[in-house]
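In what follows, a single structure is set out as structure tokens and then discussed.
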Amino acid sequence: MASTAPQTASMMPTEWRDFFTLTKPRVMTLVIFTAICGVLAAPGSIHPVIAFTAILAIAMGAGGSAVLNQWWEADIDAGMKRTMNRPLPGGRMRREDARDFGIFLSGVSLVLMGLAVGWLASALLLGAIIYYAVIYTMWLKPRTPQNIVIGGGAGAFPPLIGWVAVTGEITAMPLLLFAIIFFWTPPHFWALALFVQSDYAKVGIPMLPVVAGERATRNQIMGYTVLLAPIAIAPWAIGGTSWIYGSVAVVLSALFVVLAMPVFTRMRAETDAMLPEKALFKFSIVYLFVLFAALVADRVAAYQGWIA
């Protein structure tokens, strides 16, 4: 499904800001943050320059896959209110330039990670790029309402890669960090999809609220929220963290369930501001940031000898 964005870019010179916008900087913030947490929480040590290089490579890889996502979906973005002003549908850039930029960023990120950090981390980064740019964007998203569930793995790679950059191996803890983001993604994104579902319906993307309806979506939001809670607490349960992370995970997960309850029990009214859904969406972002910050705080406390 190659995209056909408006071809007026020749009339409007591309600025560096448009290239930067293509990397989805707001999403990048979460990617970089969780990757940094993966590096800082991992046992062992890493030279600060190597750590910075690993984060830079992850950011470039994530940015490159985001650019390729928008290159492929330019025609879809043109039909959605919240994305119609992006550089490609807005006609500020040629599609070919976006494609080449995405390939360049992705390629450089892989070489940089491999040479400076390690080839296992580079292989995981390659998996993340292919997962998002190809498996999710080109295959899953236009074909199945479970696109977010399966595609959630793309956003779950950064802390795993950050951890592996330090340790050079894949163990239970980084896999749990991967799982936390994987199971967090459906309730986070479907809360958003509930109040922007008309956009997806208009462009024919089979998001769950459009295909299965609101009731099924609300049921699945609750189901994944309940599944997320024990997974978020698991790093403490297996002894990978102390009570510092454990207590934060318990409280945050309980709040997540509490905020998901009104989303689960209600249905949209004729004139509806969708306040519970918006509250859950906003909290889900805070949830992930605070949870991973607690992971780092736990590691720092143990390193300083403040806890046993």
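All the letters of the sequence shown, read from the start, carry residue numbers 0 to 307 under numbering that gives the first Met the number 0. Backbone N, C-alpha and C define an ideal beta-carbon position, used for all residues, glycine too.
1) Inspect the beta-carbon positions of residue 65 and residue 88 and report whether they are closer than 8 angstroms.
2) Whose C-alpha, out of 103, 285, 265 and 147, is nearest the C-alpha of residue 185?
3) Look at residue 159 and residue 123 and say whether their C-beta atoms are less than 8 angstroms apart.
4) Would you call residue 309 buried or exposed, if buried means 16 or more other Cβ atoms sit within 10 Å of its Cβ?
5) I believe residue 189 touches residue 283 by the beta-carbon criterion, under 8 angstroms. Please report the beta-carbon distance rounded to the nearest angstrom.
6) Give me the Cα-Cα distance between residue 293 and residue 33, rounded to the nearest whole angstrom.
7) For the putative contact between residue 194 and residue 277, defined by C-beta atoms under 8 angstroms, what is the C-beta separation to the nearest angstrom?
8) In whole angstroms, what separates the C-alpha of residue 273 from that of residue 29?
9) Compute the Euclidean distance between the alpha carbons of residue 97 and residue 249, then round it to the nearest angstrom.
10) Within this structure, are the beta carbons of residue 245 and residue 237 separated by less than 8 angstroms?
11) Cβ atoms of residue 156 and residue 127: under 8 angstroms apart, would you say?
12) Going straight from the alpha carbon of residue 300 to that of residue 91, what length do you get?
13) Taking its Cβ as the centre, do 16 or more other Cβ atoms sit within 10 Å of residue 303, making it buried, or is it exposed?
14) Grab the span of the alpha helix (DSSP H) containing residue 266 for me, first residue to last.
15) With C-beta atoms as the reference, is residue 202 less than 8 angstroms away from residue 27?
16) Measuring straight from C-alpha to C-alpha, what distance separates residue 120 and residue 181?
17) Please work out which residues of its chain come closer than 7 angstroms, Cβ to Cβ, to residue 153, disregarding the five sequence neighbours upstream and downstream, and give them in chain order.
18) Locate the alpha helix (DSSP H) running through residue 138, then write down its first and last residues.
19) Identify whether residue 187 lies in helix, strand or coil by the three-state DSSP scheme.
20) Looking only at its chain, what residues have a beta carbon closer than 8 angstroms to the beta carbon of residue 43, apart from the 5 residues adjacent to it on each side?
21) Could you have a look at residue 3 and say whether DSSP puts it in helix, strand or coil?
Working from what's here:
1) Here residue 65 is not near residue 88, since their CB atoms are 8 angstroms or more apart.
2) 147
3) Less than 8 angstroms divides the Cβ of residue 159 from the Cβ of residue 123.
4) With the chain covering only 0 through 307, there is no way to say anything about residue 309.
5) Between residue 283 and residue 189 the Cβ distance is about 10 angstroms, and since that is not below 8 angstroms, they are no contact.
6) Each residue's alpha carbon lies about 12 angstroms from the other.
7) For a cut-off of 8 angstroms, the C-beta gap from residue 194 to residue 277 is around 6 angstroms, short enough to register as a contact.
8) 25 angstroms
9) Approximately 43 angstroms, taken between the alpha carbons.
10) Against a cut-off of 8 angstroms, the Cβ pair of residue 237 and residue 245 comes out as no contact.
11) Result yes, Cβ atoms of residue 127 and residue 156 sit closer than 8 angstroms.
12) 49 angstroms
13) exposed
14) Careful: residue 266 lies outside any alpha helix (DSSP H) and carries neither H nor E.
15) no
16) Taking the straight line from one Cα to the other gives about 19 angstroms.
17) Hits under 7 angstroms: 127, 130, 131 and 135.
18) For residue 138, there is no enclosing alpha helix (DSSP H), as DSSP marks it with neither H nor E.
19) helix
20) 165 and 166
21) With a pLDDT of only 43 at residue 3, under the threshold of 50, the placement of this residue in the model should not be trusted, and no figure is reported.
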